Amino acid sequence: HISMALSGIRQAFDTDACVLEELLLSRAITLSSDEVRTLQVILTPLENKAFSFQIVSIREGEEESRADSWILHSSGKVRLLSTDAPLQTDNAEAVKARCADVISGPEFYAALQEVGYAWGPSFQWVRNVWRNENEALCCIEQPSQLPDDVRDYQLYPGLLDACFQVLGSFGKADTDESSEHEYSYMPFRMAKFEFYKRPEPGGRLWGHVRIEDSTGNSENHGISGNISFFDDLGQMIAEVTDFEFRKTSRETLMRGLRKESDEFYEIIWKPLRQAQGPLRQAQGKSEPGSWLIFADKKGFGERLADRLKVQGEHCVMVFPSQAYEVSDDAHYLINPAELRDFQRLLQECGMQDGSQFRGIIHLWGLDETQSSTVSLQSSLHLIQAMAQTRWSEYPRLWLITQGAQAIGPSSPPLQVHQSPLWGLGQVISLEHPELHCVRVDLDPSADRDNEIQSLFEEIRIPDEESQIAWREGVRYVARFVQSSELNVKSSTRLRPDSSYLITGGTGALGLMVASQLVKQGAKHLILMSRGGASAENAGAIAQMRETGADVLVLSADASNEKDVTQAFEKIKVSMPQLRGIIHAAGVLDDGVLIQQNWERFQKVMAPKAEGAWH
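1125 is the number that our numbering gives to position 202 of the sequence shown; each next residue is one higher, with no gaps.
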């Protein structure tokens, strides 16, 4: 991937030195013995003299005009460099002195072979490796025979891969004892690849590998590190920053040889400290401004305001109430259910042009309980009022929760009644990107003073992150990445001696699901819906019964707790053991946020969210 990108940059710009950033290796290029693929490097201009690049491929014979014929293998950004290559700061002898274990090239590749990594002759460039627990140095020399000329490349793929092999060897290939799946560590993403110059053909090179993270935690099952390539004179060839390997089942890799499978993505939480240095310090010394704080009842907002006031900031505090009331120019009471209260609040604060507001901090989610809707209702009305206000510069919006996200394997019980605010925040980000909506999930088990300090630092000197969580003093940010490991059974066996419940079961979707369950062997179904049996669904239900299926139709509203309780009592006494529930109940009433009202909002939320809770 990298070698192709470098060659494309050379051909397009007639230069060597460049930086590849945010490199994502989304799919391996896998080929069967008789397969022919065309690969293409695409460079697209961006702002500030940068470019995006993509490496895509298409199988021979497929229609090029069809978008789904092309597979994206890797992508990232490119910047050209005009600076000379720096010198390696830590020479080879110094690194050797720190690394007690010495491994010859043949021993290194034999060890990799034992755990399932087989490298052909053109990829065996490592001659010796010196290593300790967190660091390695490898001597890199060109093999005696190669299938093509290294001078045709900016960096020969096998040369480049040598240090990647050493970094990947820090992750032990293993077998999951609970299944038949074997796992390997494969390149996944790279924050930065700085390329300074082409190496001399046939010359000896050195690779310095430094492990940054090898926790293998349940979030990404990976290792990451930094790599430096340099020659005998200490002249830098290339540098790699934050190169991550992900644990991947070999079944997943082999699947690519058999067929093109769907791509699955997931959200992972990655530790990431806030930026440091002179620029961040300068940002923190900006002129004081005003903050609009929707304060919680526990005093979190008031203590945050105290911190801000020490820095010379002005804070306007807003508390929920039944009626609009102003105690002074810095304290307001408003009704979360009244849009006009939010409109009046922004007007009376004197923020018609918005220039005084540095940010709006919404803390009402911290007071949310199972039966409360204050945070969602108030956020909806706040967004609508902000959209109707003329701003010269939009304030940044912060939505604060505590324990609404699961971070790490030992996450405490979720505060699920706060989690919907994160979903609404995602919609705000999509429909109103001008607000730079940031969601921050605080640690439910941390000391309050520490959490206030964490939030204070976030809002005073924000970066570009929009989903942030704090746990045990560590700052995490959300990343949407391709899933490299899916522990999914190939099929689900439906038991004929058990029953299965479908909410919304007499609707079009529910009946379709029910029909599929019957075809797959289900013999006892419960179709629950508000309307119950009707002339419209009688035919579909009759067809299922004709196949021998026992179908019980219940009239019950999933959003009504009493209805759900009574339905389960009836299922318990009249049907076999319940082994599966498909929650298909729902109401469709789409609309963008500025066109919504709380009645429409609640009508959609009730059957889906409250129904799931019941």
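A virtual CB, placed ideally from N, CA and C, is assigned to each residue, including glycine. In this text the structure is predicted, and so the values were computed from the model without any measurement.
Between H1254 and the rest of its own chain, which residues show a CB-CB distance below 7 Å, the 5 nearest in sequence each way excluded? M1240
Opposite Y1108 in the DSSP bridges: which residues? K1170
Rounded to a whole number of angstroms, what is the C-alpha to C-alpha distance between Q1307 and I1517? 5 Å
Out of G1444, A1508, S1422, state which residue places its alpha-carbon closest to the alpha-carbon of G1454. A1508
Tell me where the beta strand (DSSP E) around D1024 begins and ends. 1024-1027
Rounded to whole angstroms, what is the Cα-Cα separation between R1021 and T1292? 56 Å
Own chain residues within Cβ distance below 7 Å of D1264, not counting five before or after: Y1247, I1257, N1258
Boundaries (first-last residue) of the alpha helix (DSSP H) holding H924: Per DSSP, H924 belongs to no alpha helix (DSSP H) and is neither H nor E.
Member of S1092, A1059, A1445 whose CA lies at the smallest distance from the CA of G1145: S1092
V1001 versus A1479 - alpha carbon distance: 58 Å
Length-filtered (3 minimum) beta strand (DSSP E) runs lying within the stretch 1468-1528: 1473-1478, 1501-1506
Note the first and the last residue of the continuous alpha helix (DSSP H) segment covering L1082. 1080-1091
Please say whether R1127 and E1064 have beta carbons closer to each other than 8 Å? yes
Taking the straight line between their C-alpha atoms, what separation do you get for Q1270 and E1316? 16 Å
Please classify M1451 as buried or exposed, where buried requires at least 16 neighbouring CB atoms within 10 angstroms. buried
Return the CA-CA distance between R1402 and L947, expressed in angstroms with no decimal places. 12 Å
Give the DSSP bridge partners of Y1255, in chain order. V1241, V1249
Go through its chain and collect everything with a Cβ distance to D991's Cβ below 8 Å, but skip five positions before and after it. none
D1007, buried or exposed, once every other Cβ within 10 Å from all chains shown has been counted against 16: exposed
Taking the alpha-carbon of R1112 as reference, which of W1287, F1087, M1159, F1166 has the nearest alpha-carbon? F1166
Three Cβ pairs or more, each shorter than 8 Å: is that satisfied between the stretch 1219-1236 and the stretch 1295-1309? no
Can you name, in chain order, every residue of its own chain whose Cβ lies under 6 Å from the Cβ of T961, other than the five neighbours on each side? I981
Helix, strand or coil: how does DSSP classify G1282 here? strand
Rounded separation between R1196 and I1026 - CA only: 36 Å
Just the C-alpha distance for F1223 and Q1519, rounded to the nearest angstrom, thanks. 30 Å
Given this structure, state the Cα-to-Cα distance separating S1045 from Q1088, to the nearest angstrom. 13 Å
In angstroms, rounded to a whole number, what distance separates the CA positions of M1309 and P1318? 9 Å
Is the beta carbon of K1120 less than 8 Å from the beta carbon of I1160? yes
Inter-residue spacing [alpha-carbon to alpha-carbon] between C1238 and T1324: 20 Å
Starting from K1193 and walking both ways along the beta strand (DSSP E), at which residues does that stretch end? 1188-1194
Near I1505, which residues of its chain fall below 6 Å by C-beta distance, leaving aside the five closest residues on each side in sequence? I1425, V1436
Is it right to say D1372 is buried, meaning 16 or more other beta carbons lie within 10 angstroms of its own, or is it exposed? exposed
Using 8 Å as the threshold, is the C-beta distance between H996 and I965 below it? no
What does the alpha-carbon distance come out to for the pair L1083 and F1152? 9 Å
Can you grab the Cα-Cα spacing for the pair G1331 / L1378, in whole Å? 20 Å
Measure the CB-CB distance between Q1328 and P1367 and report whether it falls below 8 Å. no
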